[in-house]
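Structure record follows, encoded as structure tokens.
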Amino acid sequence: MRLATTNRTIPGASTTRARSGRRPRVQWKAYLYVLPAFVVFAVFLGIPVVQTAQYSLFEWNGIGPSTWVGLQNYVALFTDVKLRDSFLHAGVMIFFYSVVPVTLALVLTAVISRAAHLRGMSVFRTLLFLPQVVSSVVVATTWISIYSPEGLANQVLRAIGLGSITRAWLGDFDTALPAIGLIGSWLGIGLCLVLFLSGVANIPRELFEAARMDGAGALREFFGITLPALRGQIAVALTLTVVAALKTFDLVYVTTRGGPGNSTSLPAFEAYNRAFTTGQVGSAAAVAIGLSVLILVITAVIQKIQPEDVE
Amino acid sequence: MRIARREAALNYLVLGVFSLFAVVPMVGVLLSAVTPTTDPQAGFHLPSSFDLGNFVEAWNRGQFSTYLRSSLTVTISVVILTSILSIFAGFAFARLHFPGKNVLFFLLLAGLMLPAEAFIIPLYYDLRGAGLTDSYWALILPQTAQSLAFGVFWMRNQFRTFPGEIMEAGKMDGASDLRVLWRIVVPPSVPAITTMCLLVAMWTWNEFLIPLIMVSSENLRTAPLGLAFFQGQHITEYSLLAAAGTIVALPIVLLYFFLQRRFISGMLNGISSR
Numbered sequence: 001m002r003l004a005t006t007n008r009t010i011p012g013a014s015t016t017r018a019r020s021g022r023r024p025r026v027q028w029k030a031y032l033y034v035l036p037a038f039v040v041f042a043v044f045l046g047i048p049v050v051q052t053a054q055y056s057l058f059e060w061n062g063i064g065p066s067t068w069v070g071l072q073n074y075v076a077l078f079t080d081v082k083l084r085d086s087f088l089h090a091g092v093m094i095f096f097y098s099v100v101p102v103t104l105a106l107v108l109t110a111v112i113s114r115a116a117h118l119r120g121m122s123v124f125r126t127l128l129f130l131p132q133v134v135s136s137v138v139v140a141t142t143w144i145s146i147y148s149p150e151g152l153a154n155q156v157l158r159a160i161g162l163g164s165i166t167r168a169w170l171g172d173f174d175t176a177l178p179a180i181g182l183i184g185s186w187l188g189i190g191l192c193l194v195l196f197l198s199g200v201a202n203i204p205r206e207l208f209e210a211a212r213m214d215g216a217g218a219l220r221e222f223f224g225i226t227l228p229a230l231r232g233q234i235a236v237a238l239t240l241t242v243v244a245a246l247k248t249f250d251l252v253y254v255t256t257r258g259g260p261g262n263s264t265s266l267p268a269f270e271a272y273n274r275a276f277t278t279g280q281v282g283s284a285a286a287v288a289i290g291l292s293v294l295i296l297v298i299t300a301v302i303q304k305i306q307p308e309d310v311e
Numbered sequence: 312m313r314i315a316r317r318e319a320a321l322n323y324l325v326l327g328v329f330s331l332f333a334v335v336p337m338v339g340v341l342l343s344a345v346t347p348t349t350d351p352q353a354g355f356h357l358p359s360s361f362d363l364g365n366f367v368e369a370w371n372r373g374q375f376s377t378y379l380r381s382s383l384t385v386t387i388s389v390v391i392l393t394s395i396l397s398i399f400a401g402f403a404f405a406r407l408h409f410p411g412k413n414v415l416f417f418l419l420l421a422g423l424m425l426p427a428e429a430f431i432i433p434l435y436y437d438l439r440g441a442g443l444t445d446s447y448w449a450l451i452l453p454q455t456a457q458s459l460a461f462g463v464f465w466m467r468n469q470f471r472t473f474p475g476e477i478m479e480a481g482k483m484d485g486a487s488d489l490r491v492l493w494r495i496v497v498p499p500s501v502p503a504i505t506t507m508c509l510l511v512a513m514w515t516w517n518e519f520l521i522p523l524i525m526v527s528s529e530n531l532r533t534a535p536l537g538l539a540f541f542q543g544q545h546i547t548e549y550s551l552l553a554a555a556g557t558i559v560a561l562p563i564v565l566l567y568f569f570l571q572r573r574f575i576s577g578m579l580n581g582i583s584s585r
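The listed protein sequences correspond, in order, to chains W and R.
Numbers 1 to 311, taken from my numbering, label the letters of the first sequence in order.
Numbers 312 to 585, taken from my numbering, label the letters of the second sequence in order.
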């Protein structure tokens with residue numbers, strides 16, 4: 001990680017050296033360089049984040065006067081069944097968006113560990129990565145069609161003799177959430193595979209050769225060499241997919257609007273819905289802050305498995 | 312590296328299956344989009360004839376020319392603003408010395424992780440109070456702020472690796488910092504700047520939540536937002552929706568096919584260096 005090297009180059013060090021080791025001169029002009037970016041950032045993102053924290057301590061319907069309620073909106077994150085469910089659903093999303101693709105991609109990487117050197121790899125990489133660049137609304141409309149009663153999902157099931165379990169996948173209380181989750185798995189698998197294969201390509205070949213000389217089997221080779229060498233890539237894959245799972249909004253908004261019933265409500269959707277349709281702005285702000293804290297904590301935990309930069 | 316034929320075959324099989332898995336939904340969309348409306352609408356069928364009627368129909372029934380124009384306006388504005396502001400700020404963070412530098416940088420960095428929900432709710436009320444909602448400003452400025460977290464970080468990393476001796480030489484010749492930046496540092500950094508522009512363009516083009524909240528006039532709707540409304544009005548007309556979806560996704564997908572190396576390395580490096 002580059003951040004770990006923040007202190008390595010002392011800013012303006014080269015200037016200092018050229019001037020026989022004096023303390024670096026403060027370059028006041030620097031503020032003029034930073035100011036435009038920082039003002040835009042502060043006005044349209046930074047200050048509103050602080051305001052969100054402030055909103056979360058009030059009850060407000062968006063129009064009338066607001067009432068101070070202290071931490072009540074945060075208590076509701078645990079006591080309000082709808083809100084609690086939305087965070088539990090986010091856990092299910094993490095399983096589908098993150099655990100499934102990362103695990104599957106690791107297994108595949110073990111099987112095809114030398115694929116990065118294949119001819120035509122760049123074509124596969126382009127195709128595997130394609131879902132990342134398509135607008136999520138287009139992804140959503142595509143999967144609505146796939147999950148529709150006459151859609152591809154049911155078509156495949158009928159073709160393999162499972163016609164009895166066909167249904168409108170997004171309209172069923174039991175299947176709507178996993179159905180959205182599988183879209184996440186579809187999004188993640190190609191990304192993880194590209195990431196891991198590029199990581200494996202960087203492992204020195206001699207390591208594998210030495211292991212084979214020692215008679216290590218494929219399994220030991222994977223756990224002894226591949227997996228430890230991929231720690232950095234695994235951390236990146238987990239960060240990306242977990243954050244994507246927790247931020248999921250577009251897919252739910254377009255496919256189910258949280259329904260049927262409450263079965264696909266997610267925190268990001270609850271925050272939107274409460275703020276802009278049901279007039280519970282304070283509660284929405286608390287959900288947003290809760291979600292942000294969750295994202296920051298989980299990404300910080302994931303960073304722990306990332307190897308320290310030893311330069 | 313020599314790879315035994317059997318191993319190569321297995322590799323191709325695995326890669327082929329998963330590449331297919333990645334593109335089948337997309338291919339389905341394309342097929343569905345050129346399927347005449349008399350054919351079955353849902354599912355995966357080879358169209359009985361090649362019919363571009365859905366595109367015409369979608370174009371006319373939705374306001375897609377308006378949506379695309381709006382998306383283009385917003386995307387280009389965000390990309391230009393983000394790159395100029397990020398180049399200046401990234402240069403200062405990488406090369407200049409000033410008090411509070413680390414604090415400011417980490418504040419910006421926090422913006423990389425936060426979900427849009429963390430700032431969009433008060434921002435909506437702030438902008439409404441200022442009479443700015445339902446305008447291009449409400450789309451451009453918040454998305455610029457969001458992109459700046461990435462842009463400044465990206466440019467700083469780029470400028471930190473720039474050889475200091477070359478900049479010193481420029482300064483010896485009496486060039487100002489500003490001149491050094493634009494005449495000496497920026498030209499060789501054009502590839503990194505291009506990658507940043509591509510990623511910001513993609514994120515902005517595909518953004519859904521901010522337009523959903525900030526604009527209500529139909530003529531300001533961006534392409535994904537327009538598509539979401541269009542979907543709501545034509546729920547089961549899958550071929551029509553497929554054509555509309557193709558129109559919305561195509562500009563970025565085309566860019567991606569031409570510049571896929573930049574997209575992939577940008578996304579993987581940009582993210583892994585966080």
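We put the CB at the ideal spot given by N, CA and C, even for glycine.
For clarity, every value in this text was computed on a predicted model and none was experimentally measured.
List, in order along the chain, the chain W residues whose C-beta lies closer than 9 Å to that of residue i?
i	result
I563(R)	V133, V134, S135
Short of 7 Å in beta carbon distance, which residues of its chain neighbour residue i, apart from the five on each side in sequence? Order them along the chain.
i	result
I146(W)	L152, A153
G224(W)	A211, A216
P101(W)	S185, G188, I189, C192, T241
Could you tell me whether the Cβ of residue i comes closer than 7 Å to any Cβ of chain W?
i	result
P522(R)	no
H545(R)	no
F399(R)	yes
F430(R)	yes
V345(R)	no
T455(R)	yes
G422(R)	yes
Sorted by chain position, which residues of the same chain lie with C-beta nearer than 6 Å to residue i's C-beta, five sequence neighbours on each side aside?
i	result
A229(W)	I203
Q280(W)	R274
S265(W)	S86, G258
T239(W)	T299, I302
A284(W)	A271, R274, A275
Could you tell me which chain W residues have their CB closer than 8 Å to the CB of residue i, listed as they occur along the chain?
i	result
V559(R)	S135, V137, V138
D362(R)	The contacting residues do not exist; D362(R) stays about 17 Å from chain W at best.
From the DSSP output, in three-state form, read off residue i for me.
i	result
W169(W)	helix
T67(W)	strand
F329(R)	helix
F473(R)	coil
F58(W)	strand
V300(R)	This structure leaves residue 300(R) out entirely; chain R is present only between 312 and 585.
Y567(R)	helix
D488(R)	helix
E548(R)	coil
R572(R)	helix
R17(W)	Low confidence applies here, because R17(W) scores a pLDDT of 42, under 50, leaving its location unreliable; read the following figure in that light. Three-state result, R17(W): helix.
L187(W)	helix
R257(W)	coil
E270(W)	helix
P204(W)	coil
Within 7 Å of any Cβ in chain R, is that where the Cβ of residue i sits?
i	result
D85(W)	no
W303(W)	For clarity, residue 303(W) is Gln in the given sequence; the question names Trp instead. Taking Cβ atoms only, chain R never reaches closer than 7 Å to Q303(W), which makes this a no.
K82(W)	no
F44(W)	yes
S164(W)	no
V293(W)	no
T79(W)	no
V382(W)	The structure shown does not extend to residue 382(W), since chain W is modelled only from 1 to 311, so the question has no answer here.
G184(W)	no
R17(W)	Caution applies to R17(W), whose pLDDT of 42 falls short of 50 and renders its modelled position unreliable; the value that the coordinates give is listed next. Output row for R17(W): interface = no.
Note down, in chain order, every chain R residue with its Cβ under 9 Å from the Cβ of residue i.
i	result
L118(W)	I314, A319, N322, Y323, L326
G190(W)	F329, S330, F332, A333
R25(W)	H408
Under 7 Å between beta-carbons, which chain R residues line up against residue i? List them in chain order, please.
i	result
R125(W)	I575
V281(W)	I432
Counting only the same chain and skipping the five closest in sequence on each side, list residues whose C-beta sits under 8 Å from that of residue i.
i	result
V310(W)	Its pLDDT being 40, under 50, V310(W) is placed unreliably in this model, and the coordinates cannot settle the point.
Q233(W)	L195, F196, S198, G199
Determine the chain W residues that contact residue i at a beta-carbon separation under 7 Å, and present them in chain order.
i	result
V334(R)	L127, L130
F355(R)	L152, Q155
For the stretch 246-262 of chain W and the stretch 129-138 of chain W, state whether three or more C-beta atom pairs, one from each stretch, are separated by less than 8 Å.
Flag = yes, the stretch 246-262 of chain W and the stretch 129-138 of chain W touch.
Should the stretch 456-465 of chain R be called in touch with the stretch 413-426 of chain R, which here means at least 3 C-beta pairs below 8 Å?
These segments touch.
With a cut-off of 8 Å, do at least 3 Cβ pairs link the stretch 545-555 of chain R to the stretch 337-351 of chain R?
Cβ pair count under 8 Å is three or more, so yes.
Okay, do the stretch 166-186 of chain W and the stretch 76-86 of chain W touch, 3+ Cβ pairs below 8 Å being the bar?
The stretch 166-186 of chain W vs the stretch 76-86 of chain W: no contact.
Are there three or more Cβ pairs, one per stretch, closer than 8 Å when the stretch 320-329 of chain R is compared with the stretch 109-119 of chain W?
Output reads yes: the stretch 109-119 of chain W touches the stretch 320-329 of chain R.
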